[in-house]
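One structure is given here, and the rest of the page talks about it.
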Amino acid sequence: MATNEQLDRNRLRHGGIRQVAYYFLVAILSLLIPVLLYRLWEVNIRVPFAYEKDAIGWGTIVKNFIDGGSFYSYPNYGAPFTGEIGFQPNFNALLLLLLWGMTRFASGYGLILNSAFLLSFPLVGVAAAFVLNRFGVSRMTSLIGALLYTALPYHFYRGIMHLNLSFYYLIPFACWAAYEIIQTKGGLRKRLWNPTYVILCLAFLLLGLSDLYYSFFACILIFAAAVWVAFHEKTPSKFIDMAILVFFCLLGLLISTIAWYVLLKPDSGIAISDSRSLTDLEVYGLKISTLFLPDAHHRLSFLADFAKKYVDSTPNNYESAWATLGIAGVCGFIYMIYAGFIRKIRDEYDQKLRIFAALSVFILLFAVNAGFNIFVGLLVSTAVRCYNRFSVFLAFFILAAFCILLTKVEAAIKHIAARRVFAVVLCAIPILGVLDQTNDSMIPKYKEISQEYFSDQAFGLSISERTPQDGAVFFLPIISTTYYGSILDMDAYDNYKLYLHTQNVRWSIGYGRLYMRQWMDTLTHMPTDSLLSTLAATGFTGIVIDTNGYTEESLATVVQEIQKETGDYGVAPSSISSQDSRYIFFDISEYAKNYCEANPDASSDVLQQINKDVTYSFGEGAYSEESSADGMLRWRWLQDQSEINIVNNSDEVVTTTLQMTLYTYTPGDHSVFISCEANSAVWNVNQNAEQYSITLKLVPGKNTIRLTTDAPAAEIENDPREMSLNISNFELIFNTPES
């Protein structure tokens with residue numbers, strides 16, 4: 001006969017098996033959602049689900065890992081140098097490690113990206129079910145909540161385009177932490193090895209190693225929870241719990257940042273992205289209306305038309321429309337507000353709902369357009385600008401409330417027949433809920449993507465065959481890597497597409513170091529003959545033209561000039577076109593060989609023009625770079641006081657001539673005072689663009705150029721920028737360094 005101790009061990013063993021089986025079921029059902037929606041059995045899984053914009057950016061990261069590159073170095077980028085990306089404050093170490101690990105076992109960037117995105121579903125589902133169980137709801141309702149949470153429209157619309165945001169599996173733990181800070185008596189740290197506290201500290205460490213947005217929002221949320229306790233219990237003790245969790249989050253961020261800086265060696269001039277403006281906080285803020293409206297592509301046409309009527313007639317619906325909660329979410333929100341704020345607290349579940357409701361209201365007040373996030377932008381930074389992404393935290397609290405509602409209804413039903421009927425209803429809810437939250441617009445456009453993908457693939461293979469060992473291909477038109485826009489029909493990411501399909505070919509794309517970017521900006525203004533000779537001298541053996549970046553007339557001109565200039569050496573370049581006629585490749589290897597033989601010193605002369613020791617960037621008072629539709633003109637607007645930072649990384653004083661073109665928006669004559677250390681000048685400017693120059697002696701380290709003008713700011717409707725001065729054609733001309 002079994003002893004009591006043996007019975008207890010058997011219960012634990014069987015309980016553990018059931019627990020594992022439960023989470024395995026959650027994972028499988030979560031994965032089935034995208035499998036069924038995307039009809040994956042009908043498609044080529046090696047073709048990426050998205051083939052544009054940020055999806056291309058993630059593709060280049062994976063392709064670089066496949067090519068043997070590292071997290072920071074891109075050997076087939078940035079020819080004639082080695083491409084290195086700049087410091088990224090949103091460095092998602094966990095996701096990069098996952099992608100790198102997947103490349104050890106699979107090839108093909110599309111397969112890896114798709115697989116990573118599909119993996120995010122079971123991760124989110126299991127994490128949500130785990131935390132919902134901690135909230136005391138039944139396993140069945142936890143399963144329903146987990147499936148609805150992982151099938152949020154937010155998840156599908158982010159996709160592989162915003163792959164880092166698709167991995168929101170740590171958000172339930174952040175919500176759990178805020179809840180525990182409020183409801184736990186005596187503090188989470190009352191026992192050194194409190195399992196809940198250990199799990200939450202680990203979760204916040206992982207948050208610090210992952211997405212910056214989610215890390216920031218999680219810390220803000222637990223801060224709000226600590227403030228709640230301070231007001232209600234008249235004690236600041238919970239700030240210690242909050243501080244410890246924030247410490248672990250910052251520790252993760254510090255680990256990834258230190259690793260990034262060590263790998264990048266920042267003394268060589270890292271390019272940091274332009275700062276965001278306060279306007280972005282309004283454009284990408286959370287909108288309460290879109291939370292409760294149906295998706296504008298809903299399966300039911302009358303609901304879709306209802307949502308479109310709003311979306312089509314109101315501004316700033318870029319990402320906010322992706323935060324829609326679905327019918328289950330709306331029901332959960334109504335019940336949460338009613339039980340949390342209106343009805344008297346009756347039981348432990350009502351106490352939970354009070355906490356969920358309070359934290360949800362805080363999220364709304366903080367993240368909504370013109371909400372409290374404006375003070376973060378004004379007082380701290382605008383680096384975090386898309387507060388609509390806070391919606392995924394809100395959705396978890398709301399769906400947790402929905403699960404509590406189902407749990408309480410289930411407990412209230414006593415009649416056996418009624419319980420059986422309700423069991424059927426429970427089984428139907430996740431099916432109907434997922435159908436409500438998803439629609440055909442979320443399905444990748446397989447036909448269009450495949451046509452472009454395979455056309456580029458065939459063209460990329462042709463380029464690989466025609467490019468000699470260690471050869472490099474130059475991409476035209478040149479698009480600035482600091483400018484997020486387009487040239488005619490060519491998007492800023494489009495120049496990466498062919499890289500994804502070539503083998504052992506180095507490309508002129510992907511500059512991260514400032515001196516590389518500055519050199520590319522110089523090439524932008526070169527006439528074709530000078531550009532071709534420069535390319536030949538620096539090892540380029542081919543040129544690719546993206547016809548989407550040219551007008552019909554300008555395309556004909558550039559093709560004729562390439563043929564004419566290369567023909568002067570008796571070598572007319574062979575050319576091929578892609579299947580869709582978008583790209584043209586010119587093989588200039590013979591031209592480059594003949595040119596270098598005729599000009600043996602050309603290579604060293606060109607490389608000497610590229611000053612790696614002196615780099616520049618625009619600082620305070622300067623807005624992001626803008627461009628004309630064809631990309632030929634580029635400029636920045638400056639405020640009445642602005643800065644340009646020039647860093648001399650050498651140990652010597654460097655003499656340089658600074659040239660720029662300036663003009664004002666407002667009419668009349670105005671003055672510009674420019675100063676840098678001992679150098680200064682006063683220039684007269686007006687609405688006529690003119691070139692100005694000043695000779696500077698740059699001391700080792702950072703040199704700050706300050707421009708001050710009395711020109712008034714432009715008054716343009718719907719443009720809040722204070723634009724006093726326009727600057728373009730910025731160039732540094734270097735002289736011989738002096739000791």
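Residue numbers for the sequence shown follow the numbering used here, beginning at 1 and rising by one. In this text, a Cβ means the ideal position worked out from N, Cα and C, and glycines have one as well.
| query | result |
| --- | --- |
| According to DSSP, simplified to helix, strand and coil, what is Leu732? | strand |
| Can Tyr284 and Cys386 be called in contact, C-beta distance under 8 Å? | yes |
| Decide if Gly701 is buried, meaning its Cβ has at least 16 other Cβ atoms within 10 Å, or exposed. | exposed |
| Hey, how far is the Cα of Asn76 from the Cα of Asn64? | 8 Å |
| Grab me the residues of Leu46's own chain with a C-beta within less than 7 Å of its C-beta, minus the 5 sequence neighbours each way, in chain order. | What sits at residue 46 in the sequence shown is Arg, not Leu. Around Arg46: Gly108, Gly110 and Leu111. |
| Residues in its own chain within less than 6 Å of Ala93 by CB, not counting five upstream and five downstream? | Leu209 and Ser256 |
| The alpha helix (DSSP H) that contains Gln560, what's its start and end? | Glu552 to Gly567 |
| What residue range is occupied by the uninterrupted beta strand (DSSP E) comprising Tyr318? | From DSSP, Tyr318 is part of no beta strand (DSSP E); its letter is neither H nor E. |
| Thinking Gly377 and Leu253 are a contact (beta carbons under 8 Å), I'd like their distance in whole angstroms, please. | Gly377 to Leu253, Cβ: 20 Å. No contact. |
| Touching or not, the stretch 655-666 and the stretch 711-722, by the rule of three or more beta carbon pairs under 8 Å? | yes |
| Is it the case that the stretch 295-315 contacts the stretch 128-135, given that we only count it when at least three CB pairs across the two stretches are under 8 Å? | no |
| I believe Phe585 touches Ile463 by the beta-carbon criterion, under 8 Å. Please report the beta-carbon distance rounded to the nearest angstrom. | 6 Å |
| Taking all protein chains shown into account, do 16 or more other C-beta atoms lie within 10 angstroms of the C-beta of Ala339, making it buried, or fewer, making it exposed? | buried |
| Would you decide whether Asn684 is buried or exposed? Buried here means 16 or more other CB atoms lie within 10 Å of its CB. | exposed |
| Check whether the stretch 165-185 touches the stretch 396-412, counting contact only when three or more Cβ pairs, one atom from each stretch, lie closer than 8 Å. | yes |
| Does the beta-carbon distance from Gln437 to Pro34 come in below 8 Å? | no |
| Using only CA atoms, which one of His232, Leu535, Trp322 and Leu406 lies nearest to Gly159? | Trp322 |
| Just mark Ser504 as buried or exposed, buried being the case when its beta carbon has 16 or more other beta carbons within 10 Å. | Inspection of the sequence shows that residue 504 is occupied by Asn rather than by Ser. It is exposed - the Cβ of Asn504 has fewer than 16 other Cβ atoms within 10 Å. |
| Do Val62 and Leu118 have their CB atoms nearer than 8 Å? | no |
| Can you confirm whether the stretch 439-456 touches the stretch 39-53 when touching is taken to mean that 3 or more C-beta pairs between the two stretches lie within less than 8 Å? | yes |
| So, Cys201 versus Leu250, is the Cβ gap smaller than 8 Å? | no |
| Using a Cβ-Cβ cut-off of 8 Å, state whether Ile112 counts as contacting chain C. | Absent from the structure: chain C. Only one protein chain is present. |
| Glu52 bridges to which residues according to DSSP? | None, per the DSSP bridge assignment. |
| Would you list the one or two residues that DSSP bridges to Cys676? | Asn679 |
| Tell me whether Lys408 sits in a helix, a strand or coil according to DSSP, three-state version. | helix |
| For Pro527, is the classification buried or exposed, using 16 other Cβ atoms within 10 angstroms of its Cβ as the cut-off for buried? | exposed |
| Is it buried or exposed for Val544, if we count other Cβ within 10 angstroms and need 16 for buried? | buried |
| Using 8 Å as the cut-off, can you tell me whether the stretch 667-682 makes contact with the stretch 595-603, which would need three or more C-beta pairs spanning the two stretches below that distance? | no |
| Checking the sheet assignment: what are the DSSP bridge partners for His670? | Val685 |
| To the nearest angstrom, how far is it from the Cα of Glu731 to the Cα of Asn648? | 15 Å |
| Quick one: give me the first and last residue of the beta strand (DSSP E) that Phe585 is part of. | Tyr583 to Asp587 |
| Determine the direct distance from the alpha carbon of Leu365 to that of Ser533, and round the result to whole angstroms. | 59 Å |
| Count the other CB atoms within 10 Å of the CB of Ile17; is the residue buried (16 or more) or exposed (fewer)? | exposed |
| So is Cys427 buried or exposed if we call it buried at 16+ other beta carbons inside 10 Å? | exposed |
| Have a look at Leu37, Ala146, Met102 and Val137 and flag the residue whose alpha-carbon is nearest the alpha-carbon of Tyr23. | Ala146 |
| Can you check DSSP and say which residues form a bridge with Val654? | Leu698 |
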